[in-house]
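Heads up: the protein sequence lines correspond to chains A and B, in order.
Each position in the first sequence, counted from 1, maps to that position plus 3 in my numbering.
Each position in the second sequence, counted from 1, maps to that position plus 568 in my numbering.
Glycine residues also receive a C-beta, built at the ideal position from the N, C-alpha and C atoms.
Structure, as structure tokens:
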Amino acid sequence: MTEPSREPKPQSRASASPPEASLSSSPQPLAAGALAALAQRLRRQVIRMTAQAASGHPGGSLSATDIIATLYFGGVLRHRPKEPKWEGRDRFILSKGHAAPALYAALAEAGYFPQAELATLRQLGSRLQGHPDMTLTPGVEMSAGSLGQGLSFGIGMALAGRLDARPYRVYILLGDGECDEGQVWEAAMAAAHFRLDHLTAMVDRNQQQIDGWTKDVMNLEPLADKWRAFGWEVIEADGHNLAQLQAAFSQAQSVVGKPAVIIAHTIKGKGVSFMENNPKFHGTAPRGDEVAQALAELGADPSERWP
Amino acid sequence: MSPRETYGKTLVELGRADPHIVVLDADLSKSTMTHHFGREFPQRFFNCGIAEQNMMGIAAGLAAAGKTVFASTFSVFATSRCFDQVRQSIAQPRLNVKIVATHSGITVGEDGASHHAVEDIALACALPGFTVLAPADPEEAAQAVAVAARTPGPFYIRLVRPPLPRVSPPDYHFVIGRSPVLREGRDLTLMACGMLVGEALKATQALAGEGVHCRVLNMSSLKPLDEAAIAAAAQETGAILTVEEHLEHGGLGSRVAAAVARLHPVPMAFIALKDTYAKSGKAGELLEHHKLTASHIQHLAQHLLKRKLAPTG
Numbered sequence: 004m005t006e007p008s009r010e011p012k013p014q015s016r017a018s019a020s021p022p023e024a025s026l027s028s029s030p031q032p033l034a035a036g037a038l039a040a041l042a043q044r045l046r047r048q049v050i051r052m053t054a055q056a057a058s059g060h061p062g063g064s065l066s067a068t069d070i071i072a073t074l075y076f077g078g079v080l081r082h083r084p085k086e087p088k089w090e091g092r093d094r095f096i097l098s099k100g101h102a103a104p105a106l107y108a109a110l111a112e113a114g115y116f117p118q119a120e121l122a123t124l125r126q127l128g129s130r131l132q133g134h135p136d137m138t139l140t141p142g143v144e145m146s147a148g149s150l151g152q153g154l155s156f157g158i159g160m161a162l163a164g165r166l167d168a169r170p171y172r173v174y175i176l177l178g179d180g181e182c183d184e185g186q187v188w189e190a191a192m193a194a195a196h197f198r199l200d201h202l203t204a205m206v207d208r209n210q211q212q213i214d215g216w217t218k219d220v221m222n223l224e225p226l227a228d229k230w231r232a233f234g235w236e237v238i239e240a241d242g243h244n245l246a247q248l249q250a251a252f253s254q255a256q257s258v259v260g261k262p263a264v265i266i267a268h269t270i271k272g273k274g275v276s277f278m279e280n281n282p283k284f285h286g287t288a289p290r291g292d293e294v295a296q297a298l299a300e301l302g303a304d305p306s307e308r309w310p
Numbered sequence: 569m570s571p572r573e574t575y576g577k578t579l580v581e582l583g584r585a586d587p588h589i590v591v592l593d594a595d596l597s598k599s600t601m602t603h604h605f606g607r608e609f610p611q612r613f614f615n616c617g618i619a620e621q622n623m624m625g626i627a628a629g630l631a632a633a634g635k636t637v638f639a640s641t642f643s644v645f646a647t648s649r650c651f652d653q654v655r656q657s658i659a660q661p662r663l664n665v666k667i668v669a670t671h672s673g674i675t676v677g678e679d680g681a682s683h684h685a686v687e688d689i690a691l692a693c694a695l696p697g698f699t700v701l702a703p704a705d706p707e708e709a710a711q712a713v714a715v716a717a718r719t720p721g722p723f724y725i726r727l728v729r730p731p732l733p734r735v736s737p738p739d740y741h742f743v744i745g746r747s748p749v750l751r752e753g754r755d756l757t758l759m760a761c762g763m764l765v766g767e768a769l770k771a772t773q774a775l776a777g778e779g780v781h782c783r784v785l786n787m788s789s790l791k792p793l794d795e796a797a798i799a800a801a802a803q804e805t806g807a808i809l810t811v812e813e814h815l816e817h818g819g820l821g822s823r824v825a826a827a828v829a830r831l832h833p834v835p836m837a838f839i840a841l842k843d844t845y846a847k848s849g850k851a852g853e854l855l856e857h858h859k860l861t862a863s864h865i866q867h868l869a870q871h872l873l874k875r876k877l878a879p880t881g
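Printed below as a string of structure tokens:
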């Protein structure tokens, strides 16, 4: 039932290394070509999942996919898919919870749960809720959906790590529209105040929110200056350039004494022509011919099984 | 002594015994008394500034990483200000966060309606998985806090600002979901919580002088309710008067009424704020103005007793 991955399963590598080689508990990063192919595969899963559920948020999932792929398969996160509660793991918090399909696709690919389960998204009895539920889904660190709350939660995890002298890092993915929420800036102030240099935020800067362009609904600019003014190291990257993202994460890890934010410039609906920059697909699933076209544009592999 | 003083003291004792206890405050640590913990354990104390939404999120994250978290501020700011953060980040994942809120009810008096917490019981009890407690005196507050620390899951503990006399018996042992009988009687039952337990006891004494013998229950455990004690009171005394300094809707009275309706319907009456916000004034003046004192309890109890004895009248 579990679809064979093109790459060896990450956990096979993890189990090959001694359990206490904690810093090497992340899977080996994929080579550039393989990482790009995997990101496209995650996108196809997002399309299939939301189409099957006939609801969900493909646009913001597709803009975030390369960031999430880089985290899980590009050598950023140290984690053990077969031991989701491993205390030494890096934490990834999806604050923009509506991008859950992209997270679920990555978690399934990493081996947290069977790929077949992706087809149950949003169904009664499924572990894959419409928005992430940390009590149900292996690998989900925080229950989210109501926006603006992830950075605060991440600060709590980062403070706990410091208290326990555990060297894990905390990563939080925010939407750009989410930055309208006042709590984000309360948390931005606090993370700098507590000098959380083991915490990295990412902003999925796709420039769109439900009612339109962010510049029209609620102007965020100058966004980088805002984060800088709040005491953060700001790193900007093309959020669809995997090498740039990897470099940005490396740079974030080297910052001392303050938190870092990666403003990842992205395109909502990335990878599917009729979804790109189309607000309709913020919260509408593709249907009928749209599904076939989307999968074709994303390089569907006829041998790929679904569910 | 006020309940917040015993709270502050208890936190320090808990902190000495358990290195996983951490405490958060939102710039009110000298009023909530968490500053005592902060002084002894600066590494485990985080002042979050005037940012309650962020504080609740940080509390949740710390709890998700294995900490037992106490988060304190005034009741108004601990509930309505950050309800969505408490709901999504703490209640839905049932994280181990103890919200201990001080300055509840209307006895911050002069500060006025903005600072009066009169919806907090309704809000906290609405959250699935929360245990909600309103201790009646400093001793019970200390015990409730200690029990919360060793009981997994989210708590809301409601404390008031003013000093309170002890109403718990000398050998008192607080148990979640148990409402101890403070006075025995068969004519009707007074069910009070928090600081008004003392007023209920005063009224009971006056009523005894009029030949009316009330049972008095300390309803400090608002959620879960002691349904056995409620059912027994309904069956054995035939009338119930609830007493609280909170809005009638969604408070102790509403919760007890729902249980009574299901378990054993009897006439009820309610001492509570009646769908209104209080104004500035001295605490005692406000309690009197809103008919929350012993004399009003006494008067309403007599009225309720008439309804019980002549139900058609």
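Which one of the options has the shortest CA to CA distance from residue i?
i	options	result
Ser58/A	Gln296/A, Ala303/A, Ala288/A, Gly164/A	Ala288/A
Gly78/A	Pro30/A, Ala56/A, Pro305/A	Pro30/A
Arg746/B	Ile725/B, Lys791/B, Val834/B, Phe642/B	Lys791/B
Ile689/B	Ile667/B, His604/B, His832/B	Ile667/B
Val264/A	Glu300/A, Ile175/A, Leu124/A	Ile175/A
Ala869/B	Gly818/B, Lys598/B, Leu756/B, Met569/B	Leu756/B
Val206/A	Leu177/A, Asp219/A, Glu224/A, Trp216/A	Leu177/A
Gly882/B	Ala878/B, Ser822/B, Pro703/B	Because chain B is modelled from 569 through 881, residue 882/B falls outside the range shown and cannot be assessed.
Phe156/A	Ser129/A, Asp228/A, Phe95/A	Phe95/A
Ala37/A	Gln126/A, Pro135/A, Leu245/A, Glu236/A	Leu245/A
Tyr575/B	Glu707/B, Gln653/B, Ala681/B	Glu707/B
Leu701/B	His684/B, Ser643/B, Phe651/B, Gly677/B	Ser643/B
Val173/A	Gly286/A, Arg81/A, Ala42/A	Arg81/A
Identify the contact partners of residue i in chain B, using a Cβ-Cβ distance below 8 Å as the criterion.
i	result
Met205/A	The contacting residues do not exist; Met205/A stays about 17 Å from chain B at best.
Ala193/A	Cys616, Gly617, Ala619, Asn622, Ile626
Which chain A residues sit within Cβ distance under 8 Å of residue i?
i	result
Ser657/B	Met145, Ser146, Gln152, Ser155, Phe156
Ala627/B	Gly159
Around the C-beta of residue i, are 16 or more other C-beta atoms found within 10 angstroms, so that it is buried, or is it exposed?
i	result
Arg47/A	buried
Ser27/A	Its pLDDT being 43, under 50, Ser27/A is placed unreliably by the model, and the measurement read from it follows with that caveat. Exposed, by the Cβ-count rule.
Ser302/A	In the sequence under discussion, the amino acid at residue 302/A is Gly, which differs from the Ser named in the question. Exposed.
Ile158/A	buried
Arg612/B	buried
Ser306/A	exposed
Ile213/A	exposed
Ala24/A	For Ala24/A, the pLDDT reaches just 38, beneath the cut-off of 50, and the residue's location in the model is therefore unreliable, leaving the point undetermined.
Ala712/B	buried
Ile618/B	exposed
Lys99/A	buried
Asn222/A	exposed
For residue i, collect the residues of the same chain with a Cβ closer than 8 Å to its Cβ; drop the 5 residues on either side in sequence, then sort them by chain order.
i	result
Leu45/A	Thr68, Ile71, Ala72, Ala105, Ala108, Ala109, Glu112
Asn281/A	Gly62, Lys271, Gly272
Phe233/A	Trp188, Ala191, Met192, Ala195
Arg16/A	Confidence is the limiting factor: at Arg16/A the pLDDT is only 35, short of 50, which leaves the residue's position unreliable, though a coordinate-based value still follows. So the list reads Pro30, Gln31, once near-sequence residues are dropped.
Met278/A	Pro61, Gly62, Leu65, Lys271, Gly272, Phe284, Pro289, Ala297
Val686/B	Gly673, Ile674, Glu813, His814, Leu815, Leu841, Tyr845, Ala846
Which residues of chain A have a Cβ atom closer than 7 Å to the Cβ of residue i, listed in chain order?
i	result
Asp652/B	Ser149
Gln611/B	Leu166
Lys635/B	Ala163
Leu630/B	Gly159, Leu162, Ala163
Cutting at 6 Å between CB atoms, please list the residues of its own chain near residue i, excluding the five before and the five after it.
i	result
Val637/B	Val590, Ala627, Leu630, Ala631, Val665
Leu582/B	Ile589, Ala717
Met763/B	Val728, Leu732
Arg649/B	Glu620
Gly133/A	Arg125
Val654/B	Met624
Met787/B	Ser747, Met759, Cys761, Leu820
Chain A partners of residue i, CB-CB under 9 Å?
i	result
Arg584/B	Under the 9 Å cutoff, chain A gives no residues; its nearest Cβ is about 16 Å from Arg584/B.
Pro661/B	Asp136, Met137, Thr138, Met145, Ser146
For residue i, I'd like the list of residues in its chain whose CB is within less than 7 Å of its CB, leaving aside the five on either flank, ordered along the chain.
i	result
Tyr75/A	Ala109, Ala113
Lys876/B	Leu756, Gly806, Ala807, Pro835
Thr600/B	Arg572, Asp593, Ser640, Thr641, Thr670
Leu831/B	Glu795, Ile798, Ala799, Ala802
Cys782/B	Arg751, Gly753, Asp755, Leu756, Thr757, Leu758, Thr772, Leu775, Ala869
Ser597/B	His603, Gly606, Asn615
List the residues of chain B that residue i touches, going by C-beta distances under 7 Å, in chain order.
i	result
Glu189/A	Ala619, Gln621, Asn622
**Message:** For a minimum of 3 consecutive residues, which ranges assigned as the beta strand (DSSP E) are wholly contained in the stretch 778-810 of chain B?
**Reply:** 782-786, 789-791
**Asked** Whole alpha helix (DSSP H) runs in the stretch 825-856 of chain B with 4 or more residues, listed along the chain?
**Response** none
**Prompt:** What residue ranges within the stretch 706-739 of chain B form continuous beta strand (DSSP E) runs of no fewer than 3 residues, ordered along the chain?
**Reply:** 723-726
**Prompt:** Which residue spans inside the stretch 221-299 of chain A form an unbroken alpha helix (DSSP H) run of at least 4?
**Reply:** 226-232, 245-257
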